[in-house]
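Asker: Before I ask anything, here is the structure I am working with.
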Amino acid sequence: MEKILEVKDLQLSFHTFAGEVQAIRGVNFDLLKGETLAIVGESGSGKSVTTKAIMRLLPESSSEFKSGEILFNGKDLTKLSDKEMQKIRGKDISMIFQDPMTSLNPTMTIGRQITEPLLKHQKVGKTQAKKVAIDLLRMVGMPKPELRIKQYPHQFSGGQRQRIVIAIALACNPQILIADEPTTALDVTIQAQILELMKDLQKKIDTSIIFITHDLGVVANVADRVAVMYGGRIVEMGTVDEIFYNPQHPYTWGLLSSMPSLDTAEEKLYAIPGTPPDLLDPPKGDAFALRSEYALAIDLEQAPPVFKVSDTHFAATWLLHPDAPEVDPPLSIIERMKKFPGSRYYEGVAR
Amino acid sequence: MTQNLDKLPTESFKRITIDSSQAEKISKPSLSFWQDAWLRIRKNKAAIVSMVLLVLIIVMAFLGPVLSPHDAEKQTITHANLPPKVQGIEKLGFMDGVGVVGGKEMDLYERKKVDEYYWFGTDGLGRDMFSRLWEGTQISLFIAFVAAFIDLVVGVIYGGISGYYGGRVDDAMQRVVEILIGIPNLIVVILMILVMKPGITAIIIAITLTGWIGMSRIVRGQILKFKNQEFVLASRTLGASNNRIIAKHLIPNILGVIIINTMFTIPGAIFFEAFLSFIGLGLQPPAASLGTLINDGFRLLEFQPYILLYPSLVLSLLMVAFNLLGDGLRDAFDPKMKD
Amino acid sequence: MAKYIVKRVFYMFITLFLIATATFFLMKTLPGSPISSASKLNPQQLAVVEAKYGLDQPLPVQYGKYMLNLVQGDLGNSYQFKGADVTDLIISRLGPSFILGAQGLILGVAIGIILGMIAALKQNTIWDYGSTFIAIIGISIPSFVFATFLQYWLAIKWELLPVALWDDGWKSSIMPSIALAMGPLATAARFIRTEMIEVLSSDYITLAKSKGASSFEVAFKHAFRNALIPLVTVLGPLAAGLLTGSLVIENIFAIPGIGEQFVKAIMVSDFSVIMGTTLFFSVFLIFVILVVDILYGIIDPRIRLSGGNS
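Chains as they are written, first to last, in our numbering: chain A, 30 to 380; chain B, 6 to 344; chain C, 4 to 313.
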């Protein structure tokens with residue numbers, strides 16, 4: 030399939046009062062046309078920063094691209110001027126944010142907020158734009174869009190506001206939609222509605238989605254492929270099945286084990302010990318080693334390279350090195366692996 | 006995604022046990038509230054310069070009258086209305102004792118046969134402006150510090166009680182504040198000054214009468230914000246007494262705000278003293294404050310601008326320095342600014 | 004909203020009543036009678052004059068009369084100007100004070116907004132430092148110091164503008180207006196800078212950027228309005244500051260306004276003028292603050308439509 034976005038060895042730092050924070054330390058991934066790529070990880074793992082970097086929405090005064098490139102249809106976004114970038118934002122790449130309560134302008138009617146990208150990027154008049162805006166609102170499931178278009182954000186509920194934000198993001202049929210934890214701030218029932226809406230819309234307009242979340246349940250629901258981020262790097266990447274049923278990185282094991290599930294009989298919920306690394310002073314080797322039960326001596330010395338597990342599955346852990354000792358993942362992970370053809374625990378049972 | 010694997014020694018693939026407590030290791034040294042604030046304020050050049058300036062002015066306020074060979078109160082009529090003259094600098098063409106009389110420039114010291122030097126000149130009664138300026142600064146600073154201190158004490162106690170006890174106490178206390186806050190500060194100050202005998206005490210009372218309200222509102226707001234936060238509730242659940250909660254949890258958290266607010270009340274008080282003195286409600290002669298000196302200077306503006314210049318300069322520098330320091334402290338203490 | 008306004012008006016009246024009462028009794032406790040200090044009268048003459056002004060009656064009666072007159076807008080008669088009506092005296096002085104206040108406010112706020120915007124949009128550049136410096140100067144240097152220096156340089160040294168008085172048309176109003184404008188300018192500049200920086204870091208600004216809006220559109224279409232609306236809240240304190248300023252500025256430039264009259268009345272202990280002007284100032288300030296609060300509710304759609312109070 031066609032690659033629409035390639036991120037190559039992206040490194041980005043923030044200059045703060047306390048020093049240089051290496052928020053992204055060499056991220057590689059690509060996004061295919063029409064797919065949904067989920068990026069998961071704890072807060073501070075760099076997932077949000079990565080997408081904001083793609084959109085070039087990070088404050089220019091304090092953030093700095095150290096190296097790497099972001100190729101969108103062959104164009105390196107890190108090299109574009111502000112003007113060129115403005116033509117891409119909202120038209121080719123658009124974004125949905127975490128907190129719908131704060132992401133709409135409180136003193137502007139939602140009609141104006143939805144028509145803004147239309148008027149900006151497409152040669153349409155005001156009346157035409159308004160018609161499109163009404164259609165968009167209807168498409169995202171807003172009742173009585175003709176009336177509501179004149180209202181202000183505070184007159185809408187959180188779920189409705191997120192629908193509005195989605196309508197704004199989809200106004201110009203973008204090629205890439207970046208959703209930065211779009212359901213985190215919402216109630217569970219509303220979350221499900223918004224997720225359904227996004228899946229429906231993706232089918233309709235054939236856009237690629239980068240979906241950032243720390244909720245693995247959501248990932249299983251929406252994603253085609255998953256990238257697991259930790260400490261400013263992608264530690265494992267693969268299809269949903271590969272990540273969920275044949276995970277290789279101890280951090281992915283930890284994440285999956287800490288996910289409550291109805292079919293695991295374990296009473297106690299697993300928690301990954303410790304806290305994420307301080308990226309002001311990142312650890313030398315594998316950033317996760319200090320929290321891992323599976324740490325190897327080399328983990329403290331040298332960052333692991335990326336090992337290929339399958340054509341679509343990669344993981345950065347020394348455990349995949351031919352010389353590394355064979356370790357048994359946690360029981361719940363072994364249970365999962367038993368269902369995956371190709372894993373070393375596969376029992377041939379159909380999923 | 007290359008698989009470039011150098012030959013690595015086998016022992017590097019030994020399993021190791023990680024002490025999970027090590028995972029909590031914080032690589033950055035932890036800083037106390039004060040250390041953190043100091044680090045921040047140290048980066049603020051304007052605040053540092055202001056601090057130095059303030060120290061200088063305060064030192065001069067006490068040292069100035071001693072340094073000058075002339076007494077602030079002594080009237081030497083024959084030495085009246087002399088422009089500034091400073092040893093050494095006189096050769097540079099300014100502060101050389103030259104003034105304008107009847108449209109002609111001349112050395113007034115020569116004309117009046119004065120051998121002494123009056124660094125900032127003399128006023129109409131022949132008093133040394135240098136000594137008077139620093140004594141006036143002393144008084145202005147005294148009024149400002151006392152007023153700010155009273156505002157601080159009353160405001161913190163009133164706001165603290167109102168916020169901490171809440172409920173009916175708070176209701177009653179806030180009704181009072183709501184009415185008081187409606188009374189314009191200026192009106193209260195002028196009325197009080199009119200009623201009392203003009204002087205330092207009257208000015209201080211007038212300034213503090215409504216001055217504490219601002220502080221009390223800020224403190225109350227902060228207490229309300231913090232007292233229901235989880236860390237306070239947790240401490241209460243663990244059986245901490247009111248005193249302990251106030252001393253260990255609330256005060257340290259609102260200290261920054263109190264300091265910042267005090268930093269802004271001081272210039273406010275300096276301003277009000279000068280303002281009152283300027284419209285004739287302040288100190289009465291022969292006492293001098295920056296305000297009365299400016300008032301005197303204003304009357305002689307056309308002929309002896311230097312009488313106005315130095316007190317205005319000191320007053321403005323004081324105000325600027327306190328405001329800049331206040332700004333710096335606000336940036337340093339404001340947790341919102343923390344990265 | 005209506006309930007809120009009623010509550011506020013109620014408080015306004017309590018405050019005014021307290022001020023009126025306090026003013027009256029404070030004046031009564033003043034040492035010496037205004038008449039005795041003003042002229043050398045023998046006891047009989049004094050009694051006649053006191054009777055004329057009602058000063059011989061018991062305090063509660065005087066108070067009752069005073070309050071009754073007050074409700075009718077009668078502030079009593081001046082001791083100083085041969086029994087002139089205080090209300091008339093105040094009204095006759097309104098013009099220049101109003102013109103200066105309005106010019107100072109508009110000039111100051113307009114320039115302040117521009118400076119604040121520049122500072123926020125060019126944060127941590129020379130532009131920012133420059134406008135922050137101007138704002139600090141404006142906040143720190145008392146208007147009477149600033150005014151005397153303006154007068155010295157512009158009028159006395161360079162003779163560009165009339166030194167004082169109100170008889171040279173709009174030229175007379177330039178220096179006092181500039182002197183009065185410094186406070187509002189500084190306050191507006193600092194306020195807008197802080198608000199703009201906060202607004203510019205908010206989520207909806209990021210969303211506006213993600214739509215492809217240019218920096219100019221982000222600043223003026225999205226951020227400016229949101230930063231400007233809260234500025235209304237400082238109009239109350241600004242009005243109070245202008246009033247304080249006008250007392251000294253009108254004196255420095257000998258402007259025949261209320262402030263100059265007030266300070267003169269203080270000098271000669273003309274109590275009825277002092278009382279009257281004090282009350283007038285109080286009504287003015289309290290009214291301004293009330294109007295500002297209501298205005299804020301009207302222009303902010305969040306408050307306007309939800310009917311909440313601030």
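Idealized CB from N, CA, C, for every residue including glycine.
By DSSP's criteria, residue 266(A) is part of a beta bridge. Which residues make up the other side?
Answerer: As a position in the first sequence, residue 266(A) is number 237, starting the count at 1. In DSSP, residue 266(A) forms a bridge with 256(A), 343(A).
Asker: Considering only the beta carbon of each residue, do residue 206(A) and residue 99(A) sit closer than 9 Å?
Answerer: In the first sequence, counting from the first residue as 1, residue 206(A) sits at position 177. In the first sequence, counting from the first residue as 1, residue 99(A) sits at position 70. Cβ atoms of residue 206(A) and residue 99(A): not closer than 9 Å.
Asker: Roughly how many whole angstroms lie between the Cα atoms of residue 72(C) and residue 87(C)?
Answerer: The residue you call residue 72(C) lines up with position 69 of the third sequence. The residue you call residue 87(C) lines up with position 84 of the third sequence. If you take the alpha carbons of residue 72(C) and residue 87(C), they lie about 15 Å apart.
Asker: What is the residue span of the beta strand (DSSP E) that residue 51(A) lies within?
Answerer: For this step, residue 51(A) is matched to residue 22 along the first sequence. 48-61 is the extent of the beta strand (DSSP E) around residue 51(A).
Asker: What residues of chain B sit near residue 243(C), judged by a beta carbon separation below 9 Å?
Answerer: Counted from its first residue, the third sequence places residue 243(C) at position 240. Within chain B, the residues near residue 243(C) are 189, 190, 191.
Asker: Check residue 59(C) in the structure and name its three-state DSSP category.
Answerer: Within the third sequence, the letter at position 56 stands for residue 59(C). If DSSP states are grouped into helix, strand and coil, residue 59(C) belongs with coil.
Asker: Write down the C-beta distance between residue 286(B) and residue 269(C) rounded to the nearest angstrom, noting that I regard them as a contact closer than 8 Å.
Answerer: In the second sequence, residue 286(B) corresponds to position 281, counting from 1. In the third sequence, residue 269(C) corresponds to position 266, counting from 1. Their Cβ separation, rounded to whole angstroms, is 7 Å, which keeps residue 286(B) and residue 269(C) in contact under 8 Å.
Asker: Distance check for residue 220(B) and residue 164(B), CA to CA, integer angstroms please.
Answerer: Counted from its first residue, the second sequence places residue 164(B) at position 159. Counted from its first residue, the second sequence places residue 220(B) at position 215. About 7 Å.
Asker: According to DSSP, residue 45(A) sits in a beta bridge with which residue or residues?
Answerer: Within the first sequence, numbered from 1, the residue matching residue 45(A) stands at position 16. In the DSSP output, where bridge partners are listed per residue, residue 45(A) has 48(A).
Asker: Measuring straight from C-alpha to C-alpha, what distance separates residue 285(C) and residue 189(C)?
Answerer: For this step, residue 285(C) is matched to residue 282 along the third sequence. For this step, residue 189(C) is matched to residue 186 along the third sequence. Whole-angstrom Cα-Cα distance: 24 Å.
Asker: So what's residue 8(B) in DSSP terms, helix, strand or just coil?
Answerer: One-based indexing of the second sequence puts residue 8(B) at position 3. The predicted position of residue 8(B) is uncertain, since its pLDDT is 43 and thus under 50; a value taken from the coordinates is nonetheless stated next. Coil, per DSSP.
Asker: Closer than 7 Å by beta-carbon distance: list the chain A residues that pair up with residue 347(B), in chain order.
Answerer: Chain B is shown only over 6 to 344; residue 347(B) falls outside these bounds and no answer can be derived.
Asker: Classify residue 79(B) as buried or exposed, calling it buried when 16 or more other Cβ atoms lie within 10 Å of its own Cβ.
Answerer: The residue labelled residue 79(B) in the question sits at position 74 within the second sequence. Counting Cβ neighbours within 10 Å, residue 79(B) comes out exposed, since fewer than 16 surround it.
Asker: Quick one, which of 224(C), 111(C), 266(C) has its alpha-carbon nearest residue 314(C)'s?
Answerer: In this structure chain C extends from 4 to 313, so residue 314(C) is not present and cannot be described.
Asker: Give, in chain order, every residue of the region 119-132 of chain A whose Cβ lies closer than 7 Å to some Cβ of chain C.
Answerer: Residues 119, 120, 123, 124, 126, 128, 131, 132.
Asker: Just to make sure I have the definition right: I need the residues of chain B whose C-beta is within less than 7 Å of the C-beta of residue 187(C). Which are they?
Answerer: Start at 1 with the first residue of the third sequence, and residue 187(C) comes out as number 184. None at all; the shortest Cβ gap to chain B is about 16 Å.
Asker: Could you check what DSSP says for residue 6(C) in three-state terms: helix, strand or coil?
Answerer: Here residue 6(C) corresponds to residue number 3 of the third sequence, with the count starting at 1. Helix at residue 6(C).
Asker: Name the two residues that bound the continuous alpha helix (DSSP H) containing residue 297(B).
Answerer: Taking the second sequence and counting its residues from 1, the one referred to as residue 297(B) is at position 292. Looking at the DSSP string, the run of the alpha helix (DSSP H) that includes residue 297(B) is 295-304.
Asker: Which residues in chain A sit within 9 Å of residue 127(C), going by Cβ to Cβ distance?
Answerer: Locating residue 127(C) in the third sequence gives position 124, counting from the first residue. Going along chain A in sequence order, the residues near residue 127(C) (Cβ under 9 Å) are 90.
Asker: Looking only at its chain, what residues have a beta carbon closer than 6 Å to the beta carbon of residue 278(A), apart from the 5 residues adjacent to it on each side?
Answerer: Here residue 278(A) refers to the residue found at position 249 of the first sequence. Within the same chain, residue 278(A) has close Cβ partners 264, 265, 344, 346.
Asker: Assign residue 66(A) to one of three DSSP states: helix, strand, or coil.
Answerer: Residue numbering aside, residue 66(A) sits at position 37 when the first sequence is read from its first letter. It is a strand residue.
Asker: Under 8 Å, CB to CB, which of the residues in the region 123-148 of chain C have a partner in chain B?
Answerer: From the region 123-148 of chain C, only 139, 140, 142, 143, 144, 145, 147, 148 have a Cβ closer than 8 Å to chain B.
Asker: According to DSSP, simplified to helix, strand and coil, what is residue 343(B)?
Answerer: Taking the first residue of the second sequence as 1, we reach residue 343(B) at position 338. Low confidence applies here, because residue 343(B) scores a pLDDT of 38, under 50, leaving its location unreliable; read the following figure in that light. Residue 343(B) falls in the coil class under three-state DSSP.
Asker: In terms of residues, what are the limits of the alpha helix (DSSP H) holding residue 274(B)?
Answerer: Stepping through the second sequence from its first residue, residue 274(B) is reached at position 269. Here the alpha helix (DSSP H) through residue 274(B) covers 256-283.
Asker: Say whether chain C places a C-beta atom closer than 9 Å to the C-beta of residue 185(A).
Answerer: Counted from its first residue, the first sequence places residue 185(A) at position 156. So, not an interface residue.
Asker: By a C-beta neighbour count over all protein chains shown, 10 Å radius and 16 as the cutoff for buried, is residue 241(C) buried or exposed?
Answerer: In the third sequence, residue 241(C) corresponds to position 238, counting from 1. Counting Cβ neighbours within 10 Å, residue 241(C) comes out buried, since at least 16 surround it.
Asker: Got a sec: is the Cβ-Cβ distance from residue 47(B) to anything in chain A below 9 Å?
Answerer: Taking the second sequence and counting its residues from 1, the one referred to as residue 47(B) is at position 42. No, residue 47(B) does not count as interfacial toward chain A.
Asker: Determine whether the Cβ of residue 207(C) lies closer than 9 Å to any Cβ atom of chain B.
Answerer: By one-based count along the third sequence, residue 207(C) stands at place 204. No - not a single Cβ of chain B is within 9 Å of the one on residue 207(C).
Asker: Looking at residue 103(C) and residue 165(C), is the spacing between their C-beta atoms short of 9 Å?
Answerer: As a position in the third sequence, residue 165(C) is number 162, starting the count at 1. As a position in the third sequence, residue 103(C) is number 100, starting the count at 1. No, these two residues do not count as a Cβ contact at 9 Å.
Asker: Taking residue 308(B) as the reference, which of 155(C), 64(C), 20(C), 292(C) has the closest Cα?
Answerer: Your numbering for residue 308(B) matches position 303 in the second sequence. With distances taken between Cα atoms, residue 308(B) lies closest to 155(C).
Asker: Pick out whichever of 375(A), 271(A), 359(A) has its Cα sitting closest to the Cα of residue 337(A).
Answerer: On the first sequence, residue 337(A) is found 308 positions in, with the first residue counted as 1. For the residues 375(A), 271(A), 359(A), the minimum Cα distance to residue 337(A) belongs to 271(A).
Asker: Within 9 Å (strictly less), CB to CB, does residue 327(B) reach chain C?
Answerer: By 1-based counting over the second sequence, the position of residue 327(B) is 322. By this cut-off, residue 327(B) is an interface position.
Asker: What residues of chain B sit near residue 283(C), judged by a beta carbon separation below 9 Å?
Answerer: One-based indexing of the third sequence puts residue 283(C) at position 280. Neighbours of residue 283(C) on chain B: none; closest Cβ ~10 Å, over 9 Å.
Asker: Which of the three DSSP states, helix, strand or coil, is assigned to residue 242(A)?
Answerer: Position 213 of the first sequence, counted from the first residue, corresponds to residue 242(A). It is a strand residue.
Asker: From the DSSP output, in three-state form, read off residue 97(A) for me.
Answerer: Looking up residue 97(A) in the first sequence gives position 68. Here residue 97(A) sits in strand by DSSP.
Asker: Are the region 249-262 of chain C and the region 159-177 of chain A touching by the rule of at least three beta carbon pairs closer than 8 Å?
Answerer: No, the region 249-262 of chain C does not touch the region 159-177 of chain A.
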